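Single-structure report; data block below.
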Amino acid sequence: MLSRRNLLHYSLGAGAAFGMAGLLPAWARSASDGNLGIPSRTGTVFDLNIAEFPVRINGKAGKAVGINGTLPGPLLRFREGDTVTLNVTNALEEDTSVHWHGLLVPFQMDGVPGVTFPGIKPGETFRYQFPVRQNGTYWYHSHSGLQEQLGHYGPIIIEPAETDPVSYDREYVLVLSDWSFTDPHRIYAKLKKNAESLNFQRRTLPDFFRDAADNGFGDALNERAMWGRMRMSPRDLADVGAPTYTYLINGHSTADNFNMVFRPGERVRLRIINASAMSLFNVRIPGLPMTIVQSDGLNVQPIETDEFQMGVAETYDVIVIPEDDQTYAFVAESIDRSGQAVATLGTRPGLRAATPELRPVPLLSMKDMGMSHEEMAGMTGMAAMPAMSGMSGMEHMYHGDMPHQGMGPDPHGPAIQLASVEAPLKKGPGVANIVSTPTSRLDEPGIGLADQPHRTLTYSQLRSLEPNPDTRSPQREIVVHLTSNMERYMWSFDGVKFSEVTESIRFREGERVRLTLINDSMMPHPIHLHGMFFDLVNGGGEHMPRKHTVVVKPAEKLSVDVSAEHVGDWAFHCHLLYHMHAGMMQVVSILPGTQAEGPPDPMPMGHHDMTGMAHGGSK
Numbered sequence: 330m331l332s333r334r335n336l337l338h339y340s341l342g343a344g345a346a347f348g349m350a351g352l353l354p355a356w357a358r359s360a361s362d363g364n365l366g367i368p369s370r371t372g373t374v375f376d377l378n379i380a381e382f383p384v385r386i387n388g389k390a391g392k393a394v395g396i397n398g399t400l401p402g403p404l405l406r407f408r409e410g411d412t413v414t415l416n417v418t419n420a421l422e423e424d425t426s427v428h429w430h431g432l433l434v435p436f437q438m439d440g441v442p443g444v445t446f447p448g449i450k451p452g453e454t455f456r457y458q459f460p461v462r463q464n465g466t467y468w469y470h471s472h473s474g475l476q477e478q479l480g481h482y483g484p485i486i487i488e489p490a491e492t493d494p495v496s497y498d499r500e501y502v503l504v505l506s507d508w509s510f511t512d513p514h515r516i517y518a519k520l521k522k523n524a525e526s527l528n529f530q531r532r533t534l535p536d537f538f539r540d541a542a543d544n545g546f547g548d549a550l551n552e553r554a555m556w557g558r559m560r561m562s563p564r565d566l567a568d569v570g571a572p573t574y575t576y577l578i579n580g581h582s583t584a585d586n587f588n589m590v591f592r593p594g595e596r597v598r599l600r601i602i603n604a605s606a607m608s609l610f611n612v613r614i615p616g617l618p619m620t621i622v623q624s625d626g627l628n629v630q631p632i633e634t635d636e637f638q639m640g641v642a643e644t645y646d647v648i649v650i651p652e653d654d655q656t657y658a659f660v661a662e663s664i665d666r667s668g669q670a671v672a673t674l675g676t677r678p679g680l681r682a683a684t685p686e687l688r689p690v691p692l693l694s695m696k697d698m699g700m701s702h703e704e705m706a707g708m709t710g711m712a713a714m715p716a717m718s719g720m721s722g723m724e725h726m727y728h729g730d731m732p733h734q735g736m737g738p739d740p741h742g743p744a745i746q747l748a749s750v751e752a753p754l755k756k757g758p759g760v761a762n763i764v765s766t767p768t769s770r771l772d773e774p775g776i777g778l779a780d781q782p783h784r785t786l787t788y789s790q791l792r793s794l795e796p797n798p799d800t801r802s803p804q805r806e807i808v809v810h811l812t813s814n815m816e817r818y819m820w821s822f823d824g825v826k827f828s829e830v831t832e833s834i835r836f837r838e839g840e841r842v843r844l845t846l847i848n849d850s851m852m853p854h855p856i857h858l859h860g861m862f863f864d865l866v867n868g869g870g871e872h873m874p875r876k877h878t879v880v881v882k883p884a885e886k887l888s889v890d891v892s893a894e895h896v897g898d899w900a901f902h903c904h905l906l907y908h909m910h911a912g913m914m915q916v917v918s919i920l921p922g923t924q925a926e927g928p929p930d931p932m933p934m935g936h937h938d939m940t941g942m943a944h945g946g947s948k
C-alpha cells in the first residue's frame with residue numbers, strides 16, 4: 330500500500346504509467362498531457378520489451394529503440410533486500426542487452442554481450458534475476474552496438490530497507506540525454522573520417538581578432554600557430570555537440586518546458602542521471618543553491634554548491650529548498666556550450682522559467698596537454714625544430730622515454746609504496762601522445778568551470794557519509810593509460826583497442842588493488858568498472874567517496890582503490906559511447922581464491938587470456 334509520502338514520490342511517474350493523474354493533488358499534476366514525466370514500475374517482477382517505436386522531438390518525427398515504448402524507458406523502483414526478476418524480450422531485428430549500471434549483481438546478470446552473456450537474440454526473452462544489495466539512484470542501458478544512442482536507457486530508484494538518511498518532501502527524477510535524428514553508425518563513420526566534423530565550436534577569424542584585441546596581435550598569432558602545428562583545437566571539448574544533438578530532460582527538449590512543481594519551503598530531492606551517449610553536462614539552478622547528498626547511488630556528506638559537471642553515466646542527488654514563490658530554471662548545459670536542456674521549477678504547473686543564454690565556449694590550455702612550463706615556453710620556437718616536420722596530430726609531443734613509475738604516490742593518497750605494474754607504451758598510430766607530467770586535478774572543477782564566479786564542485790570535496798567498508802591499504806598498483814590518436818579517432822587503453830586485446834586485467838579474489846588512471850588525451854573520459862565500486866583516493870581517509878564512474882580530466886593522474894569481491898569477468902571502459910565503440914574498453918577478471926594463489930603475476934597488468942572471448946561491438 331502506498332503511503333502519502335510514497336504517493337508524493339510516485340506522483341509524476343505513476344500518474345503517467347497508470348492514468349492516475351486525476352487522483353493526484355493539483356500541485357502534483359503536470360501542465361499538459363505528454364509532460365507527465367517518466368512512467369513508473371514498482372515491484373519484484375518486471376516485463377520489459379525492447380523494440381523500435383516512433384518519437385517526436387521538437388516537432389520532428391523519428392524512431393527510437395527503447396523499452397516499453399517510452400523515451401527514456403520506464404522508471405524501475407526496487408527495494409533493497411528484495412530479489413527482482415526482469416523478463417526482457419527482444420522485439421528488434423538485431424541482438425540486444427540490458428546492463429544494470431552500478432548495481433552489484435552476479436556477473437552472469439551484468440548484461441554485456443561477449444563478456445558476461447551471449448546477448449538476447451531477436452524474438453527471445455532473457456530472464457535477469459538478482460538480489461538487490463544496495464539503495465540509491467541508478468540507471469540501465471543497452472550494451473549492444475550503438476543502441477544506447479537511440480534511446481535504450483532508463484532510470485532505477487532503489488528504496489532503502491532502513492530509514493533514508495536524506496529527508497525530503499518530494500522528489501523528481503531527471504534523466505539527461507543527447508538525441509540525434511542522425512543514425513549513430515553514420516555519426517561514428519563521420520568521426521572516423523574527420524574527428525572534428527561534428528564539432529561546430531571551432532574558433533573563427535572573428536575569434537582571432539577578439540583574441541588580438543585582448544592579448545595583443547603577436548601573442549594571438551603565436552597561440553594560433555602553436556595549435557595549428559599540433560593540428561588540434563583548444564575547443565576540442567566534445568566530439569559531438571549541437572546542432573547534431575538535441576539535449577533532453579526525461580525525453581523533453583527545452584521547448585517542451587518540462588515542469589517540476591514545489592511549495593515554498595519544501596525540501597525537493599532531484600535525482601539527476603546523465604544517460605547521454607557522449608555529452609558531459611554542467612548542471613546549475615541559477616539563484617538556487619544545491620546540496621549534494623548522493624553520488625553514483627551512495628550517500629555523501631552534504632556539500633552545498635552552485636554548479637557541478639556530470640560525466641556520462643554519473644548520477645547526483647541534490648536537495649534544493651526554494652523559499653520564495655518564484656520560478657527557477659534547471660539548466661543542463663553541454664560541456665562545449667553548444668546547447669542545453671532547460672526545465673522549470675515553479676509553484677504551479679504551466680510556468681516557464683527564463684532560459685539563460687549559452688555561456689562563452691571555454692578553451693583548453695597547455696595544462697590540459699600535461700606540458701611542463703619549460704615545454705610551454707619552448708612551444709613558440711617549435712617551427713624551427715627540424716624534428717617537427719612531417720609530424721601529424723600530437724605525435725610530436727610524444728615523451729615515450731620518460732619513466733612513469735617514478736611519479737610517486739598520489740598526492741591525495743596515503744604515502745605508501747606499492748608494487749606497480751604498467752604496460753609498456755610504444756609510439757604508433759593509436760598513441761599520438763603520452764603526457765610528460767600527469768598531475769592530480771582533484772581540486773579542480775569540471776573542464777571549463779574554473780573561472781565561474783560561483784561555487785563549483787570538485788572531486789576533492791566528496792566524502793562518503795558512512796565509513797568505507799574496506800579500509801585496507803592496496804596490495805599492488807595497476808597503471809592504465811587512456812590513449813588515443815584524436816585526429817584519426819582511435820581510442821584505447823594502453824594503446825591497444827578492445828578488438829585486439831588478448832588478455833584481460835586480472836584481479837585476485839579478496840585483494841585490494843590501486844588502479845591508477847593516466848589520461849594521455851586532451852578530452853575528459855568517464856571511466857566505468859562493472860561489478861564493483863571505485864574508492865576515489867582524494868584524501869578522504871575512511872570516508873573516500875565510492876563511485877561506479879569517475880571522470881579523468883586531460884593530463885590527469887587519478888587513483889582509485891578497488892576491493893576484488895565479486896568473481897567473474899567485468900567490463901571496464903570509457904562511457905563515451907563512440908570511444909568505447911572505437912576500442913576504449915577492457916575486461917577485468919576476478920579469479921577465485923584457488924586460482925589466485927601465488928605471487929603477483931609478472932605479466933604487465935596481470936592479464937588473463939582472452940583469445941576466445943568475443944569483443945561485442947568494439948571495432
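Under our numbering, the first residue of the sequence shown carries the number 330, and numbering increases by one thereafter.
No residue lacks a Cβ here, since even glycine has one placed at the ideal position from N, Cα and C.
Remember, predicted model here, so these are calculated numbers, not experimental data.
From the options, residue whose alpha carbon lies closest to that of residue i
i: Phe610; options: Gly640, Glu652, Pro618; result: Gly640
i: Val504; options: Asp498, Tyr497, Tyr482; result: Tyr482
i: Asn762; options: Glu816, Gln437, Ala390, Ser802; result: Glu816
i: Thr373; options: Ile487, Lys882, Pro853; result: Ile487
i: Gln804; options: Asp498, Pro451, Glu773, Val750; result: Val750
i: Arg369; options: Ala604, Pro689, Tyr469, Pro484; result: In the sequence as presented, Arg is not what sits at residue 369; that position holds Ser. The option with the nearest alpha carbon to Ser369 is Pro484.
i: Trp820; options: Arg499, Pro796, Ser850; result: Ser850
i: Val825; options: Arg835, Glu838, Leu811; result: Leu811
i: Lys521; options: Phe510, Val569, Gln478; result: Val569
i: Ala893; options: Cys903, Leu920, Val916; result: Leu920
i: Leu846; options: Tyr818, Gly839, Leu887, Glu838; result: Leu887
i: Arg837; options: Gly775, Val896, Thr511, Asn387; result: Val896
i: Val441; options: Glu477, Gly452, Asn797, Glu422; result: Glu477
i: Gly869; options: Asn848, Asp772, Ile516; result: Asp772
i: Arg462; options: Cys903, Asp411, Val384; result: Asp411
Sheet register partners of residue i (DSSP bridge)
i: Phe836; result: Ile919
i: Arg515; result: In DSSP, Arg515 forms no bridge with anything.
i: Gln458; result: Thr414
i: Ser749; result: Glu806
i: Pro383; result: Lys392
i: His581; result: Ile578
i: Arg784; result: The partner list for Arg784 (beta bridge, DSSP) is empty, contrary to what the question assumes.
i: Gln623; result: Asn628, Asp646
i: Gln638; result: Asn611
i: Gly465; result: Ile487
Separation of residue j from residue i, as counted between CA atoms
i: Thr573; j: Pro494; result: 41 Å
i: Val647; j: Thr466; result: 11 Å
i: Arg841; j: Arg408; result: 29 Å
i: His702; j: Leu692; result: In this predicted model, His702 has a pLDDT of only 48, less than 50, meaning its place in the structure is not dependable enough to derive any value.
i: Ala670; j: Tyr501; result: 16 Å
i: Thr785; j: Asp635; result: 6 Å
i: Ala393; j: Asn579; result: 14 Å
i: Val444; j: Ala584; result: 41 Å
i: Ile632; j: Tyr497; result: 16 Å
i: Leu352; j: Pro403; result: Residue confidence for Leu352 is low, a pLDDT of 36 falling below 50, so the modelled location carries little weight; the figure read from the coordinates is stated next. Those two C-alpha atoms are separated by around 21 Å.
i: Phe587; j: Ala518; result: 33 Å
i: Leu415; j: Pro758; result: 43 Å
i: Ala661; j: Thr768; result: 28 Å
i: Asp883; j: His514; result: At residue 883 the sequence reads Pro, which differs from the Asp that was named. Those two C-alpha atoms are separated by around 27 Å.
i: Val567; j: Ala524; result: It is worth fixing the name first, because residue 567 is Ala in this sequence and not Val. Between Ala567 and Ala524, the C-alpha separation is close to 10 Å.
i: Phe382; j: Asp890; result: 42 Å
i: Leu754; j: Phe901; result: 19 Å
i: His877; j: Leu627; result: 10 Å
i: Ser426; j: His910; result: 15 Å
i: Val629; j: Met589; result: 25 Å
i: Lys389; j: Ser509; result: 11 Å
i: Glu491; j: Asn464; result: 10 Å
i: Val764; j: Gly480; result: 36 Å
Cβ distance (whole Å) where residue i is taken to contact residue j below 8 Å
i: Ser793; j: Pro874; result: 5 Å
i: Tyr506; j: Ala604; result: The question names Tyr, yet the displayed sequence has Ser at residue 506. Correct: roughly 5 Å between the Cβ atoms.
i: Leu858; j: Met607; result: Wrong, their Cβ atoms sit about 20 Å apart, outside the cutoff.
Residue i CB to nearest heavy atom of the ligand NAD below 7 Å
i: Ile834; result: This structure simply doesn't include the ligand NAD, nor any ligand for that matter.
query: Can you give, in chain order, each stretch of the beta strand (DSSP E) that sits fully within the segment 664-693 and has at least 3 residues?
result: 669-675
field: Length at least 3, wholly inside the segment 468-507: the beta strand (DSSP E) runs in chain order
entry: 482-488
message: What ranges does the beta strand (DSSP E) occupy inside the segment 794-822, keeping only unbroken runs of at least 3 residues that lie completely in it?
response: 805-814, 819-822
Minimum length 3: unbroken beta strand (DSSP E) runs contained in the segment 865-901: Within the segment 865-901, the complete beta strand (DSSP E) runs of at least 3 residues are 878-881, 886-892.
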